[in-house]
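Student: All letters in the sequence shown, in the order written, are residues -35 to -1, 1 to 295 by mature numbering (1 follows the signal peptide of the UniProt record, and there is no 0). We put the beta carbon where it would ideally sit given N, CA and C, even for glycine.
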Amino acid sequence: MQTREPLRPDSRVARLPRLAPLLVLAMAAAGPAAACQRLVLGDQVLDENRSLPNFDLPNVSVGGLGGFLANAYTCPPGNSEFVVDAPLAGLTYVRDITDAYGDTHAAYAFSDRSLLIGMRYQIRGAAPQPLRPGQRITMSASNTDTDRVYAGVLITYFLPGGAMESVPYRYLGTVEAWPASDPSQRLLTPISLGFTVPTVTCTLADASHTLEDVVANELAASGSSAKESSFDVAMNCPMDNVDVQLSLADANNPGSSNGQLAPATGTTAGGVQVQLLRNGQPVQFGQAWSHGWSSKGLQTLPFSARYLRTADPLEPGEVKGEAVLTADYR
């Protein structure tokens, strides 16, 4: 008779294991997703004021600053998205530079003749991305298990080609990065940079110029001039972009004016002087003018000279004058 009674209690127990996994999965799906958390709470501070060589080697790297902040975050397994913002001021995009390792840098300048800097953001588990001031980027980092994530800014210094000028030390701004899932977990990178480079100078060659002979009736009146002719002074610069300022002075009389050179040793004539001109106008001694940015190598500086009659009695002979040309650099 026992075979006629079904085993119903055992049947109910057998169904419970099939319900339990469904309940566990439902509870897991309802819970909040894990997010990256700051682990080491300090910021990545990039602060440097240094001296650099002034070489004419375009796109060559001369060091850098930064890299990773170790253990910046702890992240769960899988992909984690990070947002990076670079509100940096006072930089102008120049060009992309590919370094010796094949990495591309967006290169920025502080001024027309400054060093170039390339900036990239690095996160462990993601490909480094160029930083462009004012542009926000998103990076996806992949972790195989719960991991400590390194993150930070890497700055590389590049020579632009041609002569450089120094960059006064300044605060550029602060790069901010955070997990897309939790903007409160921010990593800050304040950046302050300055660079001092030696001044590049050019070489001026001595020059002499002989005027054609003049006869008395060509200089009949005081203030009259004759026999104007042109000549060049050679200047040799080791690289492009040397910012040159030039000035002239009378070698024998600091008080001379209107381009009139005081009679130098060996002068026997009277009532006449040599007058120097630039661009057809008498040179103003002691007043500098801008040559502008040099080109690399030999270049010429054009001048002209002529006889100028003075109020003194005219006497035959030779007249000589000497001037000093000075180059200053910015």
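Quick one: what's residue 215 bridged to in DSSP?
Tutor: 288
Student: If you draw a straight line from the alpha carbon of residue 90 to that of residue 105, how long is it in whole angstroms?
Tutor: 8 Å
Student: Touch check for the stretch 127 to 147 and the stretch 159 to 167: three-plus C-beta pairs under 8 Å?
Tutor: yes
Student: Under 8 Å: do the stretch 280 to 294 and the stretch 213 to 222 share three or more Cβ pairs, one atom per stretch?
Tutor: yes
Student: Would you report the Cα separation of residue 76 and residue 57, rounded to the nearest angstrom?
Tutor: Distance between the alpha carbons of residue 76 and residue 57 is about 8 Å.
Student: With 16 as the cutoff for other CB atoms within 10 Å, does residue 101 come out buried or exposed?
Tutor: exposed
Student: I'd like to know if the stretch 189 to 205 and the stretch 44 to 54 are in contact, where contact means that at least 3 CB-CB pairs between them fall below 8 Å.
Tutor: no
Student: Need the endpoints of the beta strand (DSSP E) that residue 22 sits in, please.
Tutor: Taken as a continuous stretch (DSSP letters only), residue 22 belongs to no beta strand (DSSP E), as it is neither H nor E.
Student: Shortest alpha-carbon distance to residue 255 belongs to which of 160, 228 and 209?
Tutor: 209
Student: Can you tell which of 7, 242 and 279 has the C-alpha that lies nearest to the C-alpha of residue 233?
Tutor: The shortest C-alpha separation from residue 233 is found at 279.
Student: Locate the beta strand (DSSP E) running through residue 197, then write down its first and last residues.
Tutor: 190 to 202
Student: Taking Cβ positions, are residue 119 and residue 25 nearer each other than 7 Å?
Tutor: no
Student: If residue 274 and residue 188 are in contact, beta carbons under 8 Å, what's the gap, nearest whole angstrom?
Tutor: 6 Å
Student: According to DSSP, simplified to helix, strand and coil, what is residue 35?
Tutor: strand
Student: Terminal residues of the continuous beta strand (DSSP E) containing residue 241?
Tutor: Taken as a continuous stretch (DSSP letters only), the beta strand (DSSP E) holding residue 241 covers 237 to 243.
Student: Please classify residue 302 as buried or exposed, where buried requires at least 16 other C-beta atoms within 10 Å of its C-beta.
Tutor: The requested residue 302 does not occur in the structure, where the chain is confined to residues -35 to 295.
Student: Where does residue 30 fall in DSSP's three states?
Tutor: strand
Student: Run through the stretch 139 to 163 for me and flag every whole beta strand (DSSP E) of 3 or more residues, listed as ranges in chain order.
Tutor: 152 to 161
Student: Could you compute how far the alpha carbon of residue 135 sits from the alpha carbon of residue 80?
Tutor: 14 Å
Student: On the three-state DSSP scale, how would you describe residue 108?
Tutor: strand
Student: One question on the structure: do residue 155 and residue 10 come within less than 7 Å of each other, judged by their Cβ atoms?
Tutor: yes
Student: May I ask which residues mark the beginning and end of the beta strand (DSSP E) holding residue 49?
Tutor: 43 to 50
Student: Return the chain-ordered list of same chain residues with a C-beta closer than 6 Å to the C-beta of residue 227, the five sequence neighbours on each side being excluded.
Tutor: 215, 217, 218 and 221
Student: I think residue 121 touches residue 29, with their Cβ atoms under 8 Å apart; what is that distance to the nearest whole Å?
Tutor: Indeed they touch by this definition, with Cβ atoms about 4 Å apart.
Student: Taking the alpha carbon of residue 33 as the reference point, which residue from 65, 66 and 115 has its own alpha carbon closest?
Tutor: 115
Student: Specify the secondary structure class of residue 280 as computed by DSSP and reduced to three states.
Tutor: Strand.
Student: Under a three-way DSSP split, which group does residue 128 fall into?
Tutor: Assigned with DSSP and collapsed to three states, residue 128 falls in coil, not helix or strand.
Student: How would you call residue 62, buried or exposed, if buried means at least 16 neighbouring beta carbons within 10 angstroms?
Tutor: buried
Student: By how many angstroms is the C-alpha of residue 95 removed from the C-alpha of residue 144?
Tutor: 18 Å
Student: Cβ of residue 176 within 7 Å of Cβ of residue 53?
Tutor: The answer is no: Cβ separation not under 7 Å.
Student: So residue 263 and residue 199 are in contact, right, with Cβ under 8 Å, and what is the actual spacing, rounded?
Tutor: 6 Å
Student: Could one say the Cβ of residue 133 lies closer than 7 Å to chain D's Cβ atoms, at least one of them?
Tutor: Among the chains of the structure shown, chain D does not appear; only one protein chain is present.
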